[in-house]
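One line per chain: the protein sequences are L and W, in this order. Mapping the first sequence onto the numbering used here, position 127 (from 1) lands on 133, and the numbers just tick up by one. Mapping the second sequence onto the numbering used here, position 342 (from 1) lands on 348, and the numbers just tick up by one. Think of the CB as a built atom: it goes at the ideal place given N, C-alpha and C, for glycine as much as any other residue. All figures in this text were calculated on a predicted structure; none of them were measured in a lab. Only one structure is covered here, and it is reproduced in the block below.
Number of protein chains: 2
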Amino acid sequence: MADVVLIGTGITRFGKALATPLRALVHEAVDGALADAGIAATDLQAAFCGNAIAGLITGQEMVRGQVALRSMGIQGIPVVNVENACATGSTALHLACTAVASGQYDLVLVVGAEKMTHQDRRRPVLAVASALDVEDDVDLDSPSPFMDVYAAKVREYLTQSQATVEDLGRVVVKAQRLGALNPKAQYGGDVTVEQVLADPLISDPLTRLMCSPIGDGAAAVVVASAERARALGITHPVRVLASVLQSGSAPGSGEPAGVRSARLAYERAGLGPQDLDVVELHDAAASSELTRYESLQLCGPGEGARLIRDGVTDLGGALPVNTGGGLLARGHPIGATGCAQVVELCDQLRARSGARQVPGARTALADNGGGWVGGDAAAECVHVLAI
Amino acid sequence: MADVVLIGTGITRFGKALATPLRALVHEAVDGALADAGIAATDLQAAFCGNAIAGLITGQEMVRGQVALRSMGIQGIPVVNVENACATGSTALHLACTAVASGQYDLVLVVGAEKMTHQDRRRPVLAVASALDVEDDVDLDSPSPFMDVYAAKVREYLTQSQATVEDLGRVVVKAQRLGALNPKAQYGGDVTVEQVLADPLISDPLTRLMCSPIGDGAAAVVVASAERARALGITHPVRVLASVLQSGSAPGSGEPAGVRSARLAYERAGLGPQDLDVVELHDAAASSELTRYESLQLCGPGEGARLIRDGVTDLGGALPVNTGGGLLARGHPIGATGCAQVVELCDQLRARSGARQVPGARTALADNGGGWVGGDAAAECVHVLAI
Numbered sequence: 007m008a009d010v011v012l013i014g015t016g017i018t019r020f021g022k023a024l025a026t027p028l029r030a031l032v033h034e035a036v037d038g039a040l041a042d043a044g045i046a047a048t049d050l051q052a053a054f055c056g057n058a059i060a061g062l063i064t065g066q067e068m069v070r071g072q073v074a075l076r077s078m079g080i081q082g083i084p085v086v087n088v089e090n091a092c093a094t095g096s097t098a099l100h101l102a103c104t105a106v107a108s109g110q111y112d113l114v115l116v117v118g119a120e121k122m123t124h125q126d127r128r129r130p131v132l133a134v135a136s137a138l139d140v141e142d143d144v145d146l147d148s149p150s151p152f153m154d155v156y157a158a159k160v161r162e163y164l165t166q167s168q169a170t171v172e173d174l175g176r177v178v179v180k181a182q183r184l185g186a187l188n189p190k191a192q193y194g195g196d197v198t199v200e201q202v203l204a205d206p207l208i209s210d211p212l213t214r215l216m217c218s219p220i221g222d223g224a225a226a227v228v229v230a231s232a233e234r235a236r237a238l239g240i241t242h243p244v245r246v247l248a249s250v251l252q253s254g255s256a257p258g259s260g261e262p263a264g265v266r267s268a269r270l271a272y273e274r275a276g277l278g279p280q281d282l283d284v285v286e287l288h289d290a291a292a293s294s295e296l297t298r299y300e301s302l303q304l305c306g307p308g309e310g311a312r313l314i315r316d317g318v319t320d321l322g323g324a325l326p327v328n329t330g331g332g333l334l335a336r337g338h339p340i341g342a343t344g345c346a347q348v349v350e351l352c353d354q355l356r357a358r359s360g361a362r363q364v365p366g367a368r369t370a371l372a373d374n375g376g377g378w379v380g381g382d383a384a385a386e387c388v389h390v391l392a393i
Numbered sequence: 007m008a009d010v011v012l013i014g015t016g017i018t019r020f021g022k023a024l025a026t027p028l029r030a031l032v033h034e035a036v037d038g039a040l041a042d043a044g045i046a047a048t049d050l051q052a053a054f055c056g057n058a059i060a061g062l063i064t065g066q067e068m069v070r071g072q073v074a075l076r077s078m079g080i081q082g083i084p085v086v087n088v089e090n091a092c093a094t095g096s097t098a099l100h101l102a103c104t105a106v107a108s109g110q111y112d113l114v115l116v117v118g119a120e121k122m123t124h125q126d127r128r129r130p131v132l133a134v135a136s137a138l139d140v141e142d143d144v145d146l147d148s149p150s151p152f153m154d155v156y157a158a159k160v161r162e163y164l165t166q167s168q169a170t171v172e173d174l175g176r177v178v179v180k181a182q183r184l185g186a187l188n189p190k191a192q193y194g195g196d197v198t199v200e201q202v203l204a205d206p207l208i209s210d211p212l213t214r215l216m217c218s219p220i221g222d223g224a225a226a227v228v229v230a231s232a233e234r235a236r237a238l239g240i241t242h243p244v245r246v247l248a249s250v251l252q253s254g255s256a257p258g259s260g261e262p263a264g265v266r267s268a269r270l271a272y273e274r275a276g277l278g279p280q281d282l283d284v285v286e287l288h289d290a291a292a293s294s295e296l297t298r299y300e301s302l303q304l305c306g307p308g309e310g311a312r313l314i315r316d317g318v319t320d321l322g323g324a325l326p327v328n329t330g331g332g333l334l335a336r337g338h339p340i341g342a343t344g345c346a347q348v349v350e351l352c353d354q355l356r357a358r359s360g361a362r363q364v365p366g367a368r369t370a371l372a373d374n375g376g377g378w379v380g381g382d383a384a385a386e387c388v389h390v391l392a393i
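What follows is the structure, given as structure tokens:
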């Protein structure tokens, strides 16, 4: 995708904003991205809108993007509504990159947004469970049916790797500490491993602090062709070196989608994990950070715990991961997350991350996963970016 | 899109199939499309899945395509879930054509599917209303909130055009007569204009027979690059001459999305309405057939009624429209319709439409509309096809 670049980003603060409607979140993120790109809404040629659960929260299906964008005066451009569980935002970005690469457009908007909070606090929990096969796989009596999937995986992982529950605690400690440096993060602060382990259990062994929270938020990205970016006077846009979407394990090899999406992304970008300066990965549960170190080839199989123990992936380490606090601390408004990761990485590559800046960051990877169907990841989307 | 072709189609019978789950509909349509293309599921490189209201019918959000495809053994390929109100199926096709045109894939699946019937008969009616802005524009007490939008438009149209309510009746008479020739149609048979007008009123002046019905169904299309089709030994695939998506009226000119999508499709296809042999258009209400004759430039402004009165758009006329019975008679399982239109046109272009064949059809247009936001069409998608 040598011709596809990112020229502007915007993001709301993530958090519980019960009184704020979805469209207001979209407005704020999109306004920010347009201002950052230095373009007007009327310059946009198309919009790809990611939202995962509005149908189950407000009853708004079918035209979610149009409703949100129209109410801020954006109209008369093609709007596509995209949904891919927790990988919704990155899938919307993937489609936008594909459309620009096809030559169809040269300036398009991507927005991922989610309104999760609801006066019925059980509703978002069950809505999240619709990332499973709802007819076959949802235990309605569970405190968090979707976290049960992660919990089952981490129980297996703990027996097969060097990792311990203390390592899960270390992931949270890092996430919360970095989240405190991110003014857009839902949470952030100093916690200890002991506090993390003593937090209420959601799904054994995952405690509440080990699970990404319920929250609201939106993030937006402006995608352009390199030529259009030049015409706009943007001399150093963020380049999209690879945009890869995969679903489920390969029928023949059994290669999981997370492994395959990373492998293909490296191949297409023409680089390897050793070339990365900063990474955003999908830590929907603390354990995911460790397993994704491995699927992204940042370490060998079973070695994920070493990276967190040795501070390799901390700010100041060799390869900082989730500098914005990750899903655990920045928050995880489902449809927004894939875009929020890219906002964070664009800030890093453009050297405007303030206290959490990775000095000299030039190459970055975003890894966004979603859904669980038939014992398999429903969507895994990896973007490799560079400046 | 000179390099994008359609090489296989499949469709279920449309109708009320309360006991049939969504995934079973998907299986049947996809199996048909794969067999028609002469390929195996393992040949597919990606899938674009359109569904509009499963979240509101079964609670399945986020991973609808994965759930349906995985249960028939299709896994390990990227799956994108798309939603664009009643233009969902065509939007999925549009994205698939874009992805093939970008060079990313050369053999992809498109499936549009909808399960609308529910033991609570009010539920699908309200689900359809989520094609409006549910926070601002839905009258929950209306027998059919979405048909109220069409009714308001037709009341205006009847004062501004040559059309009468009898012309709306004529549209239904044609649709039902052609539907009877389509073994996949939900309805079909001989009705008179008088019977149509005497049918129960849904939203003045639309009677029940003037409104597309609630129903279940799925349709699938296999999209390929021309080169891959040749490699598969397919010498005369259906070529995609244009694939255009638009949303809302243009901010400057006020040009409606339906007019603009058709105009752009003709421009990109390098032909005009006079070159068409057969058309599928979005007759969600009988009046739409007349207004869309006009937006598609099949006649001048206000002249739509002439075409139906003179039999121009009937089978045997100069330009047959909705040979499969249209949404009124074939049925309108929301997410399936955009694909079903293309299935009908591929059959016509491949001369396998049996009793409803348009002799020598070589060029076709599919027009699929969806949603209503801010007094404007939320999505209009036009495909121009040729053999």
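Asked                                                                                                                      : Found
W:R315 beta carbon near the ligand MG (any heavy atom closer than 7 Å)                                                     : The model on display carries no ligand, and the ligand MG is accordingly not part of it.
Local conformation of W:H100 per DSSP, three classes                                                                       : helix
Candidates W:C103, W:I208, W:E200, W:P219: closest to W:G332 by CA position                                                : W:P219
Members of the region 77–108 of chain L that neighbour chain W once the beta carbon cut-off is set at 7 Å                  : Q81, G82, I83, P84, V85, V86, N87, V88, E89, N90, A91, T97, L101, T104, A105, A107, S108
Short-range partners of chain W found in the region 32–66 of chain L, where Cβ spacing is below 7 Å                        : T48, A58, I59, G61, L62, T64, G65, Q66
Through-space distance from W:A225 to W:N374, alpha-carbon basis                                                           : 14 Å
The alpha helix (DSSP H) enclosing L:S259, as first and last residue numbers                                               : Segment: none, L:S259 is in no alpha helix (DSSP H) and carries neither H nor E.
Distance, W:S294 Cα to W:A346 Cα                                                                                           : 18 Å
Near-chain L residues of the region 243–259 of chain W (beta-carbon distance less than 7 Å), N- to C-terminal order        : L251, Q252, S253, G254, S255, A256, P257
According to DSSP, residues forming a beta bridge with W:F54                                                               : W:V86, W:V116
Other residues of its chain near W:P151: CB distance less than 6 Å, five sequence neighbours each side excluded            : A135, V144, D145
With 16 other Cβ atoms within 10 Å as the buried cut-off, status of L:D210                                                 : exposed
Residue span of the alpha helix (DSSP H) that contains W:H33, given as start and end                                       : 28–43
Three-state secondary structure assigned by DSSP to L:R336                                                                 : coil
In DSSP terms, what W:V388 is bridged to                                                                                   : W:V250, W:D373
Beta-carbon proximity of L:A237 to L:H389, cut-off 8 Å                                                                     : no
Burial state of L:H242 (16 or more Cβ within 10 Å)                                                                         : exposed
Contact under 8 Å by Cβ, L:V86 with W:T94                                                                                  : no
Buried versus exposed, by CB contacts within 10 Å (16 or more), L:P84                                                      : buried
Stretch-stretch touch, CB-based, cutoff 8 Å, three pairs: the region 199–207 of chain W with the region 352–370 of chain W : no
Contacting residues, own chain, Cβ-Cβ under 7 Å from L:R183 (five flanking each side not counted)                          : D196
Where the region 133–145 of chain W meets chain A: residues whose CB sits under 8 Å from a CB there                        : Absent from the structure: chain A. Protein chains present are L and W.
C-beta atoms of L:I13 and L:A35 nearer than 8 Å                                                                            : no
Neighbour-count burial assignment, W:T48, 16 or more Cβ in a 10 Å radius                                                   : exposed
Short CB-CB distance (under 8 Å) between L:M68 and chain W                                                                 : yes
Through-space distance from W:S259 to L:R336, alpha-carbon basis                                                           : 42 Å
Given L:A392 as reference, the closest of L:R356, L:V379, L:G376, L:G381 once Cα atoms are compared                        : L:R356
is_contact[W:D382, chain L] using C-beta, thresh 8 Å                                                                       : yes
Under 8 Å by beta carbon: chain L residues contacting W:Q110                                                               : T104, A107
Neighbourhood of L:I59 by C-beta distance below 8 Å, restricted to the same chain and skipping five residues each side     : E120, M122, P130, A133, V134, S136, I340, G341
Beta strand (DSSP E) runs contained entirely in the region 142–213 of chain W, provided each spans 3 or more residues      : 207–209
Three-state class that DSSP yields for W:S359 in the structure shown                                                       : coil
Between the CA atoms of L:V73 and L:G82 - distance to the nearest angstrom                                                 : 13 Å
Chain-ordered chain L contacts of W:Q201 [CB-CB under 8 Å]                                                                 : Chain L residues near W:Q201: none, gap ~32 Å exceeds 8 Å.
W:P262 classed as buried or exposed, judged by whether at least 16 other C-beta atoms fall within 10 angstroms             : buried
Chain-ordered chain W contacts of L:V379 [CB-CB under 7 Å]                                                                 : V69, Q72, V73, R76
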